[in-house]
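See below for the structure under consideration.
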Amino acid sequence: MGAEILLDKHMYKKPFHGRSNGSHSNRPFSNRGPSHGGQRGGNRGGRGNFGSYIDPSKFINKAVITETVEHFVPEHKFEDFKIGEGIKRAVIAKGYKAPSPIQDRVIPYILQGQDVVGLANTGTGKTAAFLIPLIDKVINDPKKQVLIIAPTRELAIQIEQELKSFTKGMKIYSVCCVGGANIVPQIRQLRFLNNFVIGTPGRLKDLISTGKIILANYSTLVLDEADRMLDMGFIVDMRFIMAGMPKPRHTLLFSATLSPEIEKLIKEFLHEPVRISVKSRDTSKNVDQDIVRVMPGKNKLDVLRDLLSQKEFSKVLVFGKTKHGVEKLSKLLIERGFKAESIHGNKNHSKRQQALKQFKENQLQVLVATDVAARGLDIADVSHVINFDLPATYDDYVHRIGRTGRGDKLGKALTFIE
Ligand code: AMP
Numbered sequence: 012m013g014a015e016i017l018l019d020k021h022m023y024k025k026p027f028h029g030r031s032n033g034s035h036s037n038r039p040f041s042n043r044g045p046s047h048g049g050q051r052g053g054n055r056g057g058r059g060n061f062g063s064y065i066d067p068s069k070f071i072n073k074a075v076i077t078e079t080v081e082h083f084v085p086e087h088k089f090e091d092f093k094i095g096e097g098i099k100r101a102v103i104a105k106g107y108k109a110p111s112p113i114q115d116r117v118i119p120y121i122l123q124g125q126d127v128v129g130l131a132n133t134g135t136g137k138t139a140a141f142l143i144p145l146i147d148k149v150i151n152d153p154k155k156q157v158l159i160i161a162p163t164r165e166l167a168i169q170i171e172q173e174l175k176s177f178t179k180g181m182k183i184y185s186v187c188c189v190g191g192a193n194i195v196p197q198i199r200q201l202r203f204l205n206n207f208v209i210g211t212p213g214r215l216k217d218l219i220s221t222g223k224i225i226l227a228n229y230s231t232l233v234l235d236e237a238d239r240m241l242d243m244g245f246i247v248d249m250r251f252i253m254a255g256m257p258k259p260r261h262t263l264l265f266s267a268t269l270s271p272e273i274e275k276l277i278k279e280f281l282h283e284p285v286r287i288s289v290k291s292r293d294t295s296k297n298v299d300q301d302i303v304r305v306m307p308g309k310n311k312l313d314v315l316r317d318l319l320s321q322k323e324f325s326k327v328l329v330f331g332k333t334k335h336g337v338e339k340l341s342k343l344l345i346e347r348g349f350k351a352e353s354i355h356g357n358k359n360h361s362k363r364q365q366a367l368k369q370f371k372e373n374q375l376q377v378l379v380a381t382d383v384a385a386r387g388l389d390i391a392d393v394s395h396v397i398n399f400d401l402p403a404t405y406d407d408y409v410h411r412i413g414r415t416g417r418g419d420k421l422g423k424a425l426t427f428i429e
């Protein structure tokens, strides 16, 4: 049987980020009501638009970062890992000083060729946790081919970008096979040997079914955000892909949660995996969360405009419930003079990527997004997440606010309550 290792995510903050803060209690604006007012537990305001009632008090949480909970001492330095000098240099060049907990524990097992179940959210460094040892594998065997399956095209693209940032000049080849993007260039690239094929389940299945991807060539598989893939209904495609892969193979599964369905997949498709868990609280500790009460007769858009006019609202991700609403809100903000864009499922792939790029590169102040479009996105320095519309579920809320307070930053999340 595989071993099980548990870590507390918040224990690693200090060495990972080299920082220690006191509790944070800035309250930058005045147009919101008391945070802990009488509405808590009431039945107004907290109903997600398609979901169940969420107690508004759950949207309030002062960020507290203390020395004691931050202390995590990694067992390894990057220099200690048995990986090539080239990849070590690339990791250092990226500015990573010490391995994050998931990297600290997972990398040695992956290097040994063991199957791994990693329980970790985005923001824990899980992408590099599997990429670094797998790149090393490929350097040692340039014919090696790795298949990485991710739930969304944005996440798949992000993984490929991270891969490329580690492998500059190394003659390591990759292709990103995601739905919504033109399949022709993907097919063209698949004619050559690719060390890493990264894709979403549906598109991968299409490419396998038409013989463009030969599964027999792939002896290493990564399932990233497996729980989300199940949530999104990809189970049939995932099974199809895994069933066609060679055995034995090297399989790594990452997931934020462990449901009975995930356990079933693990039992069926992984071989005596080591389980490593970076436990996280239900909401991010370094995100300062509060509500903004929109008083009767007040317009939500005006309240948003007043917030966005404040200097500290420099890079703001605003969440809306529908694709249409998100599009409309971004247009209204542009009309009011804000540099804003939208990202949602009605936009084609290249437009979404363009909006994301502009936001990442600080050319926009505001990105208005739907939940699905923004899941798993890793954007540096988001100053605020604003829930213009309530999330449908508390889980969605946690995903939303996780877009701020990343890396060594303290984030802020505000939820509009009418
Ligand atoms: P992920 O959880 O893979 O989405 O990673 C979250 C962010 O942490 C990304 O921007 C990574 O580049 C960054 N990151 C990953 N590992 C480290 C590390 N050891 N030190 C500093 N930053 C890291």
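Residue numbering for the sequence shown follows our numbering, beginning at 12 and increasing consecutively. Even for Gly, the Cβ is constructed at its ideal location relative to N, Cα and C. Quick caveat, the model's predicted, so the values are computed rather than measured.
As summarised for the region 96 to 181, the continuous beta strand (DSSP E) elements at least 3 residues long and confined to that stretch are 127 to 130 and 157 to 160, given in chain order. In the three-state DSSP reduction, S353 falls in the strand class (E or B). The beta carbons of I160 and L234 sit closer together than 7 Å. Take G422, set aside five residues on each side of it, and the residues of its chain with a beta-carbon closer than 6 Å to its own are V298, T415 and G416, in chain order.
Distance check between H261 and each of N359, I121 and K326 places I121 closest, using alpha-carbon atoms only. Look at Y107: its beta carbon is less than 6 Å from one of the heavy atoms in the ligand AMP. Counted as a single uninterrupted DSSP element, the alpha helix (DSSP H) harbouring V383 occupies residues D382 to A385.
If you check the C-beta of G416 against the ligand AMP, you find no heavy atom less than 6 Å away. In terms of CA proximity to V285, F265 leads the group E272, F265 and R304.
Runs of the beta strand (DSSP E) lying entirely within the region 307 to 351 and spanning at least 3 residues, in chain order: 327 to 330. In the structure shown, the three-state DSSP call for F207 is strand.
Annotated three-state conformation of F265 is strand, per DSSP. DSSP places S185 in the strand class (E or B) of the three-state scheme.
The DSSP-derived three-state label of A403 is coil. In summary, G210 is buried, with 16 or more beta-carbon neighbours lying within 10 Å of its beta-carbon over all protein chains present. R239 counts as buried, since no fewer than 16 other beta carbons sit within 10 angstroms of its beta carbon. Put simply, the region 365 to 379 touches the region 339 to 354. At least three CB pairs are less than 8 Å apart. In the assembly as shown, T231 is a buried residue. Its beta-carbon has 16 or more other beta-carbons within 10 Å.
It is roughly 20 Å from the alpha-carbon of P67 to the alpha-carbon of N310. Around the beta-carbon of L204, fewer than 16 other beta-carbon atoms lie within 10 Å, marking it exposed. Secondary structure note for L425: its beta strand (DSSP E) is the uninterrupted segment G422 to I428.
Distance from the CA of L158 to the CA of I170, rounded to the nearest whole angstrom, comes to 12 Å.
Under the DSSP definition of a beta bridge, D301 partners with L425.
Segment contact: the region 133 to 142 against the region 105 to 119, three or more CB-CB distances shorter than 8 Å; contact assigned. By the neighbour-count definition (other C-beta atoms within 10 Å, threshold 16), G387 is a buried residue. With a cutoff of 6 Å, K137 counts as near the ligand AMP, since its C-beta is closer than that to a heavy atom of the ligand. Leaving aside the five residues that flank P162 on each side, the residues in its chain whose CB is nearer than 6 Å to its CB run, in chain order, E236, R239, M240 and M243. DSSP places I71 outside both helix and strand once states are collapsed to three, so it counts as coil. The beta carbons of P212 and D248 sit closer together than 7 Å.
E429 is the residue among P196, M253, F324 and E429 whose C-alpha sits nearest the C-alpha of I302.
Relative to the ligand AMP, the beta carbon of S111 is positioned inside 6 Å of a heavy atom. Of the other Cβ atoms in all chains shown, fewer than 16 fall within 10 Å of the Cβ of E274; this residue is therefore exposed. For I224, there is no enclosing beta strand (DSSP E), as DSSP marks it with neither H nor E.
Taking a contact as a CB-CB distance under 8 Å, the pair G336 and D407 does not count as one, their CB atoms being some 15 Å apart.
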